[in-house]
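Chains X and A, in that order, are what the protein sequence lines are. According to our numbering, numbering within the first sequence proceeds without interruption in unit steps and concludes at 329. According to our numbering, numbering within the second sequence proceeds without interruption in unit steps and concludes at 1478.
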Amino acid sequence: MKQFLINTGIVAGLALLATIGLITVTLVTIDKGDYYAIAPDTKYIVLGHSHPECAINESMINNLQSFARSGAPYFYTYFKAKKLIENNEQIESLFLSFTYTDVSRIMDKKTWGNESIETRLHRYSAFMDWDDYKVLTKNNWQGVLKSQSLALQSNLKFLLGNNPSYIDHVYWGGYLRMTDCKTDSLLVYMNDLPVKKKPAELSETSLAYLDKIIALCKAHNVELFLMRTPIHEKHYSYAYEDAVQELLRHEYSKLTFLDFSKFPLKNADYRDFGHLNYKGANKFSSFFNELLQEGFPDQPDVADYVKSRMQETEKAYASFVWDREDRRN
Amino acid sequence: MSFNSLDFALFLPIVFLLYWFVMNRNLRVQNLLIVAASYVFYGWWDWTFLSLIVVSTIIDFSVGRGLAIQKEPLKRKGLLWLSIIANLGMLGFFKYYNFFLDNFVAAFSFFGNEINPGSLNVILPVGISFYTFQTLSYTIDVYKGKLEPTKDFIAFSAFVTFFPQLVAGPIERATKLLPQFGQQRFFIKEKAYDGLRQILWGLFKKVVIADGCAEIANLIFDNSGAYGASTLVVGAVAFTFQIYADFSGYSDIAIGTARLFGFDLCRNFAFPFFSRDIAEFWRRWHISLSTWFRDYLYIPLGGSQGGTGLKIRNVFIIFLVSGFWHGANWTFIFWGALNALYFLPLLLSNRNRTHMGIVAEGKLLPQLSDIAKMISTFAITVFAFIFFRAETITHAFEYIEGMFSTSLFSVPQELPLSQVALVAGFMMLEWLGRESEYAIENFGISWSRPVRRTFYYGIGLTIFVFIGHEQEYIYFQF
C-alpha cells in the first residue's frame, strides 16, 4: 500500500509538474510572441462592452478599430488594452466605454462568474500575472482551475496552427450588427423613466482595473477618452447618473468624458434601451467619423467641442427630438 | 457528483484513504464508510431522492429476511411480488408517469374527447433504473434459492448504494457483489494499479471521444433539416461513438474505482463495434442489462425454447422492454423493436451463436469477410441509434429520409478532422486491445517504466486538454 501511494504520488506529481510546465510554456510563448499587430494606419481604438460594440461601425470610421465585446468588464479590457498599446505604437487614442454598468457590481459576475471565466479567461490568461489570478481565484477558484484546460487547448491550437494573429484567433471584439428593434415593444410596459431600485453599488475590481488602464495609457502617451455611446432615455443606468457624475468629478476629473448618450436618434434606431441597431450605429458612426476627421481629439476643450457638435446635430435632426417628446407624453 | 469533476477528484482520494487506513480494521465499519460515501456521492446531485434509495433498501432487505423465514410458497411469492411491485412501482412512477399520461390524453383526443388531467412534472431521480434492477436481482435470487438472504443490513445497504456503480451501472447481481461485502478486502497493489489504468481509459473515452462526438451529433441532430445526407450520416455515426464512449467510459471508471476498494464488478462492454453480427453485438453491449433481461425475463418466459411463435414473442418482449427501460419515449420502443427485427432472423435460423469468440483472435488484422461483417453490423446499429437520439419518431423518420438523397456522396458540411483523427486513434487502440478487458489493460506492459508512464501521461494530458467542454453522461437520463 505504501509503495502504491508513493508511486502514484510520484506519477501524479510529475504529471502535474509537466502539465504546469506545458501551460507555462504556452502562456509565455503567446505573451512574448509577435501576434498583436493591428492595421498600421489604426490611430484610434475602442474598448468596452456591448454598447460600443453595437454602436460603432468601424467600416464607416477612418483609422479606427473597435475591440469592444459584449459583457467585457474592465478586468479583461485591461489586458486587451495592454497588448494592443504595447505592440502598436501608431495608436494615438483609446476610447473606453464608461457607464454605470462598467463600474458597478454587475460587472463582477462578468469577471469571475462561471460562464464568464469559461468564455473569457482563456483569451487573456497569457497576459495575467499572479495578482490578476488572485482576483479571480479569490472569488471562483473552481472556475479558474477548470478554465486552465480550455486555455491550454486554445493556446495549443493557436501555436500549432498558422494564424499569425492571436487577436483573430480568440476574437477580441468588433462591430456587432444588430438588425432588430425591440424598443417599441419594451416601451409598452416600461414607459416610465428609470428609477433607482437600490443604492448604487460600485465594483472595486472594475475601478482598480480602470485605474490600470489609465496608468497604461499614460505610460505609453496614448490619449484616453472615457466615452458613453448613445443609449435610450429609458435605460436603467440613468437612475444612477449621480453615481457616474460623482466618479467623474472626484476620481476622473483629469480625463475627458465624451457623453454621446443623448445623441439624437429615433426609437427605430435602437435595438433595445442600451444598444443600437445597424441604423442607429450607422448614424452615430458617421457622426463620430466626422468628429475624428475634424481632428476633435486635438481640440483644446474636447468635451465642449463634442457637446457643441452634438447640439448642431440635434438641431439637424429636430424631427427625431419631436419623436421622443411625443413618446414621453 | 460526476466522475469527471473536481468534486470527485477530491472525494475519491479522501474515501480511499479513510477506507484503507482508518476503517480497515473492522469490516462493518468499512462497509458503513461505503454507505456514507455513497449517500454523499448520490446526494451531491439531489439529496431529496436519497429517500427513494433508503426505501428501496429497507423494502428489499425486509423481503429478503421475510423469505428467509417464510417457507410457505404462496407467501413467499407474495413477498417477492411486494419487492417487484415496490421497485417497479417507484421506477414506473418517476420514469413513466408523464409518458403514460401524455399518451392517455392523446388517445382520448384521437377519439374526440379532450381531457385535462394535469401533469405532475415528475423529475427522474438519477440512477433509479439501475439500482431498482440491482435490488430486484437480490430478491429474485433469494426467492429462487440461488442466494442466502443476508442478515447484515449495512452490507446490504452498501451493496445497494455502492457509489462507483450506483447511478449508471454496471447492474450487479447480488450473487456476485453482495458476498464481496461480507468478506474482508485486502489491498492488492496490482489490482489498484489496474483500477487506476481503467479509470484513466474511461475518462479518456468520456472526455475526449464522447464529449467531442456529442458536440458534432448535437449540432447535426438539432438542426437536421439544414444539412445534406452525408452530414446526417456523420451525425448518426458521431452519436453512435458518443453513446458507446460515454457509457462504456462510465463503466470503465466504475469498474476501475471499485477495484481501488478491492471489489470486482462485472464487465459491461466487450468491444461491441467489432461484432460480426447483431447477436454478437448484443452479447458485447451493455452486458449487465442484457443478461439481466435474459435471466429474469427472457428465460422465465421460455427463452428460445418452444415454437417459432413463442421465440418471436419472447424476443420482441425483451427488446421492447429493453427499449422502454431506456426512456419514456416511443423512439426507444421503436429502437428496441428494430433490434428485435435485426436479431430474429439469426435466432430463427440458429445462427445467433455463430461468432462466440474474439474476431481475429491472436492476429493483427481481420479477414476481409470479418471486416465486411463488422462494417455491416456497425451500419445497422448506427441506423437504429438514430431512433435512440431523435426527439420523436417523426424526427427520426425525417432524419432518415434526409440521409437517403443525392447529397449522400457530397462532402459533409460538418466534419471536424481533429475529432475524426481522435476517433480513428481510439478505435485503433480498441482494436489492438480487444483481447483484454479494456483496451489499454495490457498495452505497453513490456515497455520500460518511463515509456509506459509517458504513454499514460499522454492520455492524461489529452483528457486535461479536452475536459473544458463537458457534456452530461447520456445514461444519467435513464
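Every residue, glycine too, gets a C-beta built ideally from N, C-alpha and C. Here the structure is a predicted model, which is why all the values come from computation and not from measurement.
Exercise. Between the segment 19 to 41 of chain X and chain A, which residues of the former have CB atoms less than 7 Å from a CB of the latter, in chain order?
Worked result: Result list: T19.
Exercise. Applying the criterion that 16 or more other CB atoms from any shown protein chain within 10 Å of the CB defines a buried residue, is D326/X buried or exposed?
Worked result: With a pLDDT of only 45 at D326/X, under the threshold of 50, the placement of this residue in the model should not be trusted; the figure read from the coordinates follows. The Cβ neighbour count for D326/X, taken over all protein chains shown within 10 Å, is under 16; the residue is labelled exposed.
Problem set entry | Whole-Å CB distance - T1240/A paired with V1420/A, under 8 Å assumed | Between the beta-carbon of T1240/A and that of V1420/A there is about 14 Å, and that puts the pair past the 8 Å contact cut.
Exercise. Counting contacts by CB-CB distance shorter than 8 Å, is M1/X in contact with chain A?
Worked result: So yes, M1/X belongs to the interface.
Problem set entry | Proximal residues of chain X, C-beta to C-beta of A1258/A below 7 Å | When 7 Å is used as the limit between beta carbons, A1258/A is near no residue of chain X, the shortest such separation being about 16 Å.
For this session: Report yes or no: do three or more beta-carbon pairs, one from the segment 1094 to 1106 of chain A and one from the segment 1167 to 1184 of chain A, lie closer than 8 Å?
Result: No, the segment 1094 to 1106 of chain A does not touch the segment 1167 to 1184 of chain A.
For this session: Would you mind reading off the limits of the alpha helix (DSSP H) that contains L210/X?
Result: First-last of the alpha helix (DSSP H) with L210/X: 204 to 219.
For this session: Could you name the residues that DSSP lists as bridge partners for S66/X?
Result: V46/X, per the DSSP bridge assignment.
Exercise. Hey, out of M1356/A, N1004/A, L1027/A, I1393/A, whose CA is closest to F1186/A's CA?
Worked result: Minimum Cα distance to F1186/A is reached at L1027/A.
Problem set entry | Supposed close pair Y1250/A, G1202/A - CB separation, criterion 8 Å | So it is a contact: roughly 7 Å between Cβ atoms.
Problem set entry | Buried versus exposed, by CB contacts within 10 Å (16 or more), I1375/A | Classification of I1375/A: exposed, given that the 10 Å Cβ count is below 16.
For this session: Output the distance between the C-alpha atoms of N1314/A and C1266/A, rounded to the nearest integer angstrom.
Result: Rounded to the nearest angstrom, the two C-alpha atoms are 25 Å apart.
Problem set entry | Proximity below 8 Å, CB of D1252/A to CB of Q1198/A | Taking 8 Å as the Cβ cut-off, D1252/A and Q1198/A qualify as a contacting pair.
Exercise. Quick one, which residues of the segment 1442 to 1469 of chain A are near chain X if we go by CB-CB under 9 Å, in chain order?
Worked result: The residues in question are R1453, Y1456, Y1457, G1460, L1461, I1463, F1464, V1465, F1466, I1467, G1468, H1469.
Problem set entry | Expected contact under 8 Å - CB spacing of A18/X and Y1457/A to nearest Å | Contact holds; Cβ gap of about 6 Å.
For this session: Confirm, please, whether the CB-CB distance from L121/X to S147/X is below 8 Å.
Result: In contact: S147/X and L121/X (Cβ atoms closer than 8 Å).
For this session: Kindly indicate the opening and closing residues of the beta strand (DSSP E) around L226/X.
Result: It spans 223 to 228 - the beta strand (DSSP E) in which L226/X sits, taken as one unbroken run.
For this session: Kindly indicate if chain X contains any beta-carbon less than 8 Å away from that of L1027/A.
Result: With 8 Å as the cut-off, L1027/A does not count as an interface residue toward chain X.
Problem set entry | Pairwise C-alpha distance: L224/X and Y1244/A | Their Cα atoms are separated by approximately 56 Å.
Problem set entry | 6 Å Cβ shell around P1272/A - same chain, five flanking residues per side excluded | Non-local beta-carbon contacts of P1272/A in its own chain, meaning distances under 6 Å to residues more than five positions away in sequence, involve F1281, R1284, W1285 in chain order.
For this session: Could you work out which residues of chain A lie near A15/X, taking near to mean beta carbons separated by less than 7 Å?
Result: Simply Y1457, G1460.
Exercise. Within 8 Å (strictly less), CB to CB, does L1200/A reach chain X?
Worked result: When Cβ-Cβ separations below 8 Å define contact, L1200/A makes no contact with chain X.
For this session: From the DSSP output, in three-state form, read off L276/X for me.
Result: Strand, per DSSP.
Exercise. L152/X CB to nearest chain A CB: under 8 Å?
Worked result: L152/X counts as touching chain A.
Exercise. In chain X, which residues lie with their C-beta within 8 Å of the C-beta of F1479/A?
Worked result: With chain A covering 1001 to 1478 only, the question about residue 1479/A has no answer from this structure.
Problem set entry | Same chain, Cβ closer than 7 Å to T1308/A, five either side skipped, listed in chain order | Here the set comprises L1348.
Exercise. What are the start and end residues of the alpha helix (DSSP H) that includes D242/X?
Worked result: Taken as a continuous stretch (DSSP letters only), the alpha helix (DSSP H) holding D242/X covers 241 to 250.
Exercise. Near N1024/A, which residues of its chain fall below 7 Å by C-beta distance, leaving aside the five closest residues on each side in sequence?
Worked result: Beyond the five residues adjoining it in sequence on each side, N1024/A comes within less than 7 Å, by CB distance, of Q1030 in the same chain, given in chain order.
For this session: Please compile the residues from chain A whose C-beta is within a distance smaller than 8 Å of the C-beta of S149/X.
Result: Correct list: F1464, V1465, F1466, I1467, G1468.
For this session: Could you check the C-alpha separation between L14/X and L1461/A for me, to the nearest Å?
Result: L14/X and L1461/A: Cα-Cα distance of roughly 12 Å.
For this session: Between the Cα of D1209/A and those of F1011/A, V1167/A, D1246/A, spot the shortest distance and give me the residue it belongs to.
Result: Going by the sequence as given, residue 1209/A is Ile instead of Asp. Selected option, being the one with the closest Cα: D1246/A.
Problem set entry | Candidates L248/X, K212/X, S261/X: closest to E233/X by CA position | Among L248/X, K212/X, S261/X, the Cα nearest to that of E233/X is on S261/X.
Exercise. Are any of the Cβ atoms in chain A nearer than 8 Å to that of K109/X?
Worked result: Not an interface residue.
For this session: Tell me, please, whether the CB atom of W1020/A is closer than 8 Å to any CB atom in chain X?
Result: Residue-level contact check: W1020/A touches chain X, since one or more beta carbons of chain X fall below 8 Å from its beta carbon.
For this session: Go ahead and label I1085/A buried or exposed: buried means 16 or more other beta carbons lie within 10 angstroms of its beta carbon, across all protein chains shown.
Result: Exposed is the call here.
Problem set entry | Alpha-carbon spacing of R1434/A relative to L1341/A, whole angstroms | Rounded to whole angstroms, R1434/A and L1341/A show a C-alpha spacing of 28 Å.
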